[in-house]
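This report refers to the structure that appears directly beneath it.
There are 2 protein chains.
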Amino acid sequence: MTIGIFGTGRFGRFWATALAQHARVITYSRTPREAPDGCVAGSLADIGACDAVMLCVAISAVDDALHALVPHLGSRVTVMDTCSVKVEPTEAMMRIVPEHNPVIGTHPMFGPDSAPNGVGGLPFVYTPMRGPVEIVERFRGFFGGIGLRVIDMSADEHDRAAAMTQGVTHLLGRLLADMGVEASPIATVGYRKLLEVVEQTCNDPYQLFVDLQQRNPYTRQMRERLLESLSRLMAALSDDLTAE
Amino acid sequence: MTIGIFGTGRFGRFWATALAQHARVITYSRTPREAPDGCVAGSLADIGACDAVMLCVAISAVDDALHALVPHLGSRVTVMDTCSVKVEPTEAMMRIVPEHNPVIGTHPMFGPDSAPNGVGGLPFVYTPMRGPVEIVERFRGFFGGIGLRVIDMSADEHDRAAAMTQGVTHLLGRLLADMGVEASPIATVGYRKLLEVVEQTCNDPYQLFVDLQQRNPYTRQMRERLLESLSRLMAALSDDLTAE
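Going down the list, the protein sequences come from chains W and P. Count the first sequence with my numbering and you get residues 51 to 294, in order. Count the second sequence with my numbering and you get residues 51 to 294, in order.
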């Protein structure tokens with residue numbers, strides 16, 4: 051198994067290193083950078099000749115990455131993304147990648163902060179879009195074989211569920227950071243968990259936060275729901291105040 | 051050491067049982083209930099004859115509890131509260147408890163959900179208000195001796211710090227519960243931490259949430275800060291949206 055990784059930002063480096071324990075990994079980035087541990091740096095032609103190319107770029111950069119990749123892509127190479135939303139990038143792959151290339155959406159639901167000790171048992175969303183069943187099964191088997199908990203989901207199902215899980219988490223992490231929360235000698239167990247959420251979400255690029263909130267079709271509803279709930283709580287507190 | 055516990059609600063039962071491993075504990079509640087594990091149920095006169103009485107009642111019930119206790123209180127008995135805010139209950143104790151009784155505010159920064167395996171190493175805020183230094187030292191030594199991390203703090207310092215730690219935590223826990231968050235197969239590590247915060251905060255009585263938000267003089271500022279930060283984030287997202 052050879053895997054090409056397009057993009058060696060924070061997540062790309064982490065993911066390439068994790069995969070390199072189980073496959074030959076070639077990495078490409080638009081600005082030349084040292085290859086991550088266990089990987090070999092290569093050109094677009096090098097990654098385009100692997101069994102699969104996995105895009106590890108910002109959601110908002112998927113179109114450009116695909117246009118750059120396609121001229122160098124072997125005719126049987128499977129193309130996958132790893133984005134935190136699924137509807138938009140899978141549509142982009144279906145539109146831009148030639149019809150004879152298999153296309154699979156994936157979402158590794160972890161990163162360098164949440165999986166410092168390895169990816170075993172962590173959820174990995176798997177969204178096959180097109181291609182021969184044996185290719186779809188081969189990669190499903192590969193990801194399951196390296197210990198990931200592979201979860202089959204449509205792009206729409208994923209985005210609905212992710213808006214109310216990862217979407218909420220990143221919104222509250224950024225909210226708490228903006229409020230200036232910090233370590234305290236009187237921190238309760240619950241408060242310490244919130245600080246961990248802040249650390250994890252704010253270590254990720256700000257662009258990921260923006261993309262999660264804007265490019266998932268269901269996060270706007272989540273934010274509306276959050277505002278409604280907050281108004282309800284605030285109103286209840288004021289009622290109690292005036293009732294005293 | 052004998053300690054009287056006034057109030058055997060969720061926290062009172064937990065706290066009485068924890069103390070009963072190190073002292074003789076007598077519990078009193080206005081509605082007669084079975085004594086918690088290791089404790090003996092008694093009357094107001096019984097708890098009023100202990101070395102100390104610790105109030106384990108809702109912040110909003112402190113005044114009534116003190117008025118009920120005082121007629122039965124021995125002249126050297128130390129009175130302490132355990133409330134999650136400190137300015138208001140310590141003022142109430144100073145006003146209602148006779149001058150010859152020592153008064154100490156305390157805030158055990160944990161409960162049955164956050165300390166299921168014992169209270170060792172957990173923060174315990176200690177706010178001596180009046181009384182002989184040897185009494186203040188005796189109880190500080192007792193709480194430290196049972197493994198608590200005793201933190202000396204004025205009532206005002208405590209409330210400032212608690213608004214931005216425990217106050218935020220309970221507000222977000224209730225907010226997430228109101229939004230209807232739930233377990234998900236694609237839960238990330240960070241999201242799972244948020245679910246734990248919901249569970250811990252929403253297991254506590256709703257009255258604790260209301261009292262934390264209304265009877266701490268600094269939680270209103272915290273909520274204003276939260277709304278400001280949320281508006282700032284939402285505005286940034288809309289700008290990005292229209293800029294596309």
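C-beta: ideal position from N, C-alpha, C; glycine also.
Taking C-beta separations shorter than 8 Å and ignoring five residues to either side along the sequence, the partners of serine 234 of chain W in its chain run Tyr241, following chain order. Each residue's CA atom was taken as its position, placing cysteine 252 of chain W and asparagine 151 of chain W some 36 Å apart.
Within the segment 220–290 of chain P, complete alpha helix (DSSP H) segments of at least 4 residues are found at 239–253, 256–264, given in chain order.
In this chain, the beta strand (DSSP E) harbouring valine 200 of chain P covers 199–202.
Taking 8 Å as the upper bound for CB-CB distance, threonine 238 of chain W and threonine 177 of chain P are not in contact here, some 17 Å apart. Bounds of the beta strand (DSSP E) holding isoleucine 55 of chain P are 52–56.
Linking threonine 219 of chain P to histidine 157 of chain P through their CA atoms gives a straight-line distance of about 16 Å. Taking 7 Å as the threshold, the shortest C-beta distance from serine 288 of chain W to chain P does not fall below it. Taking one beta carbon from each stretch, the segment 63–73 of chain W and the segment 109–124 of chain W have fewer than 3 pairs nearer than 8 Å; the two do not touch. Identification of residues in the segment 199–223 of chain P having a C-beta nearer than 9 Å to some C-beta of chain W yields Arg199, Ile201, Met203, His208, Ala211, Ala212, Met214, Thr215, Gln216, Val218, Thr219, His220, Leu221, Leu222, Gly223, given in sequence order.
Beta-carbon to beta-carbon, glycine 92 of chain P and glycine 124 of chain P are separated by about 13 Å, too far to satisfy the 8 Å threshold.
Any Cβ of chain W closer than 7 Å to the Cβ of proline 166 of chain P would place that residue at the interface, and such an atom is absent. In this structure, the beta-carbon distance from threonine 81 of chain P to alanine 102 of chain P does not fall below 7 Å. One Cα belongs to proline 255 of chain W, the other to glycine 62 of chain W, and the distance between them is close to 12 Å. For threonine 132 of chain W, the secondary structure class from DSSP, reduced to helix, strand or coil, is coil.
What glutamine 271 of chain W touches in chain P, judged by beta-carbon distance under 9 Å, is nothing: the nearest beta carbon there is about 11 Å away.
Put simply, the CB of tyrosine 241 of chain P is near chain W, with a gap under 7 Å to one of its CB atoms. In the same chain as cysteine 106 of chain W, and ignoring 5 residues on each side of it, the C-beta atoms closer than 8 Å to its own belong to Ile55, Phe56, Gly57, Thr58, Gly59, Phe61, Gly62, Trp65, Ala66, Thr132, in chain order. Close CB contacts of alanine 213 of chain P within its chain, under the 6 Å cut and outside five residues either way in sequence, are with Asn266, Tyr268, Thr269, Met272 (chain order).
Apart from the 5 residues on each side of it in sequence, aspartate 202 of chain W sits with its Cβ closer than 6 Å to the Cβ of Tyr176 in its chain, given in chain order.
Per DSSP, the continuous alpha helix (DSSP H) segment holding arginine 60 of chain P begins and ends at 60–69. DSSP lists no beta-bridge partner residue for threonine 140 of chain W. Using beta-carbon distances, serine 125 of chain W does not count as an interface residue toward chain P, since no partner is under 7 Å. Any Cβ of chain W closer than 7 Å to the Cβ of proline 182 of chain P would place that residue at the interface, and such an atom is absent. The beta carbon of valine 200 of chain P is closer than 7 Å to those of Phe174, Tyr176, Arg190, Phe193, Gly194 in its chain, skipping five residues each way along the sequence. Interface criterion met: the Cβ of arginine 275 of chain W is under 7 Å from a Cβ in chain P.
Put simply, the CB of isoleucine 236 of chain P is near chain W, with a gap under 7 Å to one of its CB atoms.
Looking at P:Glu141, P:Ile76, P:Arg83, P:Asp87, the one whose alpha-carbon comes closest to that of methionine 104 of chain P is P:Ile76. Straight-line spacing of the CA atoms in proline 139 of chain W and valine 120 of chain W works out to 15 Å. By the neighbour-count criterion, in which 16 or more other beta carbons inside 10 Å mark a residue as buried, arginine 145 of chain P falls on the exposed side. A direct Cα-Cα distance of roughly 16 Å separates histidine 72 of chain P from glycine 171 of chain P. For valine 247 of chain W, the residues of chain P that pass the 8 Å Cβ criterion are Gly240, Lys243, Leu244, in the order they occur in the chain. Against chain P, a Cβ distance below 8 Å from glutamine 71 of chain W picks out nothing, because the smallest value is about 21 Å.
Relative to the Cα of leucine 94 of chain P, the nearest Cα in the group P:Ala85, P:His122, P:Gly88, P:Ile109 belongs to P:His122. In this chain, the beta strand (DSSP E) harbouring leucine 105 of chain P covers 102–105. Annotated three-state conformation of valine 127 of chain P is coil, per DSSP.
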